[in-house]
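Visitor: Dumping the structure here so I can ask a few things about it.
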Amino acid sequence: MPATRNATSTTAQTTGRQARPIVSIGPARARQTRSSISLGTPLARDSAPRVLLPVTLEGSADYLCAQRRALLRSPLGVYVSHIDAHRARMAVWFDLARADVSFAIHTLLTTVPDATLGCLRPRLS
């Protein structure tokens, strides 16, 4: 007897798993409403896009040097994309995956509490 994939399948009943309905593809799927499509299987996701987080620090040259050393020696050092230092201001750009943003912000607040965080910007490849 060929195995079928429907709600009355004996293989689904013997294994204790629920059988998933067959979802149509092509023009028939386009006619279905969003609520009628089964969401039982996870959708394939692209790799997480990366974002740039600018952080600005202000102070004397000695202070900025100490803060730069603290940032580069912290776990955030691997995310530093580039550093721009001009007079009494230093801008540090972090290249982050979206999943790492909350970790980076938490670590920034504990490592350099005087830092001014900028807006997240999508990284252009």
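Count along the sequence shown from 1, add 264, and you get the number used in the working numbering. For glycine and all other residues, C-beta sits at the position ideal for the given N, C-alpha and C. Since the model is a prediction, treat every value here as computed from it, not as a measurement.
I think THR360 touches LEU321, with their Cβ atoms under 8 Å apart; what is that distance to the nearest whole Å?
Guide: In the sequence as presented, Thr is not what sits at residue 360; that position holds Leu. Not quite, the Cβ-Cβ distance comes to about 18 Å (not below 8 Å), so this is no contact.
Visitor: Does the Cβ of ALA363 have 16 or more other Cβ atoms within 10 Å, making it buried, or fewer, making it exposed?
Guide: exposed
Visitor: How many Å lie between GLY323 and TYR343 at the Cα?
Guide: 23 Å
Visitor: Output the distance between the C-alpha atoms of ARG353 and VAL315, rounded to the nearest integer angstrom.
Guide: 22 Å
Visitor: Quick one: grab the DSSP three-state call for ARG293.
Guide: Confidence is the limiting factor: at ARG293 the pLDDT is only 48, short of 50, which leaves the residue's position unreliable, though a coordinate-based value still follows. Residue state, collapsed to three classes: helix.
Visitor: How far does the alpha helix (DSSP H) with ARG332 in it reach, from first residue to last?
Guide: Counting along the chain, the unbroken alpha helix (DSSP H) around ARG332 starts and ends at 325-337.
Visitor: Applying the criterion that 16 or more other CB atoms from any shown protein chain within 10 Å of the CB defines a buried residue, is ALA368 buried or exposed?
Guide: buried
Visitor: Quickly, what does DSSP pair PHE367 with across the bridge? List them, please.
Guide: Looking at the DSSP assignment, PHE367 forms no beta bridge with any residue, so it has no partner.
Visitor: Which class does ARG362 belong to by DSSP, given the choice of helix, strand or coil?
Guide: helix
Visitor: Cβ of ARG353 less than 7 Å from any chain B Cβ?
Guide: The chain inventory of the structure shown lacks chain B, comprising one protein chain alone.
Visitor: If I'm right that ILE347 touches ARG332 with Cβ under 8 Å, what's the distance once you round it to whole angstroms?
Guide: Their Cβ separation, rounded to whole angstroms, is 7 Å, which keeps ILE347 and ARG332 in contact under 8 Å.
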